[in-house]
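Here's the structure we're looking at; comments come further down.
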Amino acid sequence: MPDNRQPRNRQPRIRSGNEPRSAPAMEPDGRGAWAHSRAALDRLEKLLRCSRCANILREPVCLGGCEHIFCSNCVSDCIGTGCPVCYTPAWIQDVKINRQLDSMIQLCSKLRNLLYDNKLSGVKACLRRKVCEQEEKYEIPEGPRRSRLNREQLLPKLFDGCYFYLGGTFKHHPKDNLIKLVTAGGGQILSRKPKPDSDVTQTINTVAYHARPDSDQRFCTQYIIYEDLSNYHPERVRQGKVWKAPSSWFIDCVMSFELLPLDS
7 MPDNRQPRNR QPRIRSGNEP RSAPAMEPDG RGAWAHSRAA LDRLEKLLRC
57 SRCANILREP VCLGGCEHIF CSNCVSDCIG TGCPVCYTPA WIQDVKINRQ
107 LDSMIQLCSK LRNLLYDNKL SGVKACLRRK VCEQEEKYEI PEGPRRSRLN
157 REQLLPKLFD GCYFYLGGTF KHHPKDNLIK LVTAGGGQIL SRKPKPDSDV
207 TQTINTVAYH ARPDSDQRFC TQYIIYEDLS NYHPERVRQG KVWKAPSSWF
257 IDCVMSFELL PLDS
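Numbered per this note's numbering, the sequence shown spans residues 7 to 270.
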């Protein structure tokens, strides 16, 4: 019988047009990989631009009748008229914020900070040197550092001893996200709006551990949180254990890992 086996040193033939592309050359220190990642991010960001101002979308909204996406501020004057690109009628009930797209844009922003930051981050250092670097050398100061030290010293969490009631509607800071932050910070959610003179309020004897000791805020343990970017503004409450505070203040507290003072 004829021997149909190919010699061992012969390379298998590949049909024209199906040849695999060679892998991009990688620089010894890994910078080639970062360059390809930056290029991919740039291509993605071109798809995440507003159809009107051409900038990266901020609070992306679709008008419902068409597929064009805009920054929420860019179409505030188009509600009740039409899409500024294709002139499809746009009504207030059709305008919706695309939360998934907004999350993707925030993720791209974080990736950009990582890929384009001139400072050598801990992730970059580990990849380039191929060894595990000490995290503290590349730690972000202020809030993240305070959070780490607080955890290592087994101190109470940021919102330990604090209760929060979320009043009104929340669009810029979704209520579900705020609830998760309260829970992660050791706080508790109130289902009913607290009243300074109620018996239930007076029976709560917890103390806000992270409040500044020289501030009257140390006596406050219950916060009525509202979204300061919305039209809902509850009456001013700053009495004893119950204070009113905007959601932007709450986010700033999380970012700085500090129970920040509230303006009078």
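For every residue, glycine included, the Cβ atom is placed at its ideal position computed from N, Cα and C.
As the structure is a computational prediction, the values presented were derived from the model and not from experiment.
Nearest to L266 by C-alpha distance, out of I98, Y215, E233, G246, is Y215.
Taking the C-beta atoms as reference points, L69 is found no nearer than 8 Å to I111. Here L172 is bridged, per DSSP, to I231. Y232 sits away from K247, with the two beta carbons spaced by 8 Å or more. Straight through space, the alpha carbons of P200 and G149 are spaced by roughly 29 Å. Here the C-alpha atom of R118 lies approximately 10 Å from the C-alpha atom of S43.
Residue environment analysis places S221 among the exposed positions, since fewer than 16 neighbouring C-beta atoms fall within 10 angstroms of its C-beta.
Proximity to S197 across C89, I230, E158, A96 peaks at I230, based on C-alpha coordinates.
Here the stretch 85-104 makes no contact with the stretch 149-165; the two share fewer than three CB pairs at distances below 8 Å.
Within its own chain, the residues whose Cβ lies closer than 8 Å to the Cβ of I103, once the five positions on either side in sequence are excluded, are E65, P66, V67, S78, K177, listed in chain order. The continuous stretches of beta strand (DSSP E) do not include F256, which lies in the alpha helix (DSSP H) extending over residues 253-262. Counting along the chain, the unbroken beta strand (DSSP E) around V67 starts and ends at 66-68.
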